[in-house]
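Residue numbering for the sequence shown follows UniProt numbering, starting at 1 and increasing by one per position.
Only one structure is covered here, and it is reproduced in the block below.
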Amino acid sequence: MSVYVECHGQGADLVLVHGWGMNGAVWEPLVAQLSCHFRLHIVDLPGFGDSAALPLNASLDEWASAVLNVVPEHAAWLGWSLGGLVATQAALQAPNRVSHLLTLASSPCFVAREQWPGIKPHVLASFAEQLAQDSQLVIKRFLALQAMGSEHAKADVRQLRTSLATKPQPQAQALVGGLNLLAEVDLRAHLFNLTMPCLRLYGHLDALVPYQAIPLIEALMAPNNRQHCIAQRASHAPFISHPQLIAAEVSAFLRSV
């Protein structure tokens, strides 16, 4: 099984891991700003973009291992949304391989549970039911949900669609498998075991990782964790709506620790 990686720039290694339904092209707004300081390794997750898919029932551990197999032995990782789960799992299973862990609009547990804000279970269930009938419609709905609340919502969705269209469409088993991970994975009990410097970035108006979850997530992290919430009408894709702010936060963090 091969995972596609595209490299840009020079400097310290930084692995970029995209979210559900997308591919590595989604990082285009950040490439120009980060590639002058870092060697970017832009991954297409299994079954997305130019990467072959994993089996339908593949675990998060297998998704993380597939990426670990194709990126540098020691690098910082930046994961968006589902990519944040993959990056976190990679840091947990191979801490010597991940020098810094950065997550963007991501949660250790995406689904709402008792006293835990997140995506309502019925929302993910409806996406799963509709995938078999019209996967493109599901992706379209998911993109709209990601931009909800952004001051540039329509432009954000256009940018996401443009990125998606530059590569092959996601494979059906990858869409189902990734959605299963969002619905089932719960890494909350493991966050305190992260030993590397960590930065968690959020959008204040994120509909998928609610603002109310931020202090709950931070309470689970070790003392070396940092967090920053982009409050300027940023939603689930703040690197699309506010690329300069995100690039500045990433660069400052990686240079300071």
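C-beta atoms are modelled at their ideal positions from N, C-alpha and C, and glycine is treated no differently.
Which whole-angstrom value describes the C-beta separation of Gly79 and Val17, a residue pair presumed to lie in contact below a C-beta threshold of 8 Å?
Yes, they are in contact, since the Cβ atoms of Gly79 and Val17 sit about 4 Å apart, within 8 Å.
What did DSSP end up calling Val67 once you bin it into helix, strand or coil?
helix
Pick from Tyr4, Leu101 and Pro72 that is closest to Pro197, judged by C-alpha positions
The candidate whose alpha carbon is nearest that of Pro197 is Leu101.
Roughly how many whole angstroms lie between the Cα atoms of Asp44 and Leu60?
15 Å
Bridge partner(s) assigned by DSSP for Gly79
Val17 and Thr103
Is the separation between the beta-carbon of Glu73 and that of Arg97 shorter than 8 Å?
yes
Assuming Trp77 contacts Ala87 under a Cβ cut-off of 8 Å, what Cβ separation, rounded to an integer in Å, is found between them?
4 Å
Does Val5 come out as helix, strand or coil in the three-state DSSP assignment?
strand
Would you list, in sequence order, the uninterrupted alpha helix (DSSP H) runs of no fewer than 4 residues that lie entirely inside the region 115-172?
121-131, 135-147 and 153-165
Classify His236 as helix, strand or coil using the three-state DSSP reduction.
Three-state DSSP puts His236 in coil, outside helix and strand.
Give a yes or no on whether the C-beta atoms belonging to Val176 and Leu56 are separated by under 8 Å.
yes
Backbone CA spacing between Gly84 and Tyr202 [nearest angstrom]
Going from the Cα of Gly84 to the Cα of Tyr202 covers about 12 Å.
In the structure shown, what three-state DSSP assignment does Arg97 receive?
coil
Taking all protein chains shown into account, decide if Arg161 is buried (16 or more other Cβ within 10 angstroms of its Cβ) or exposed.
Exposed: under 16 other Cβ atoms inside 10 Å.
So what's Asn225 in DSSP terms, helix, strand or just coil?
strand
In whole angstroms, what separates the C-alpha of Gln173 from that of Ile42?
22 Å
Can you tell me whether Arg255 is buried or exposed? The criterion is at least 16 other CB atoms within 10 Å of its CB, across all chains shown.
exposed
Just confirm the distance between the C-beta atoms of Gly49 and Tyr4, as a whole number of angstroms; I'd bet it's less than 8 Å.
6 Å
Please list the terminal residues of the continuous alpha helix (DSSP H) segment that includes Leu255.
Reading off the sequence shown, one finds Arg at residue 255, where the question assumed Leu. Here the alpha helix (DSSP H) through Arg255 covers Pro243 to Ser256.
Of the choices Gln93, Ala94, Cys36 and Pro29, whose alpha-carbon is the least far from that of Gln244?
Pro29
Exposed or buried, what is Arg200 when buried is set at 16 or more other beta-carbons lying within 10 Å of its beta-carbon?
It is buried - the Cβ of Arg200 has at least 16 other Cβ atoms within 10 Å.
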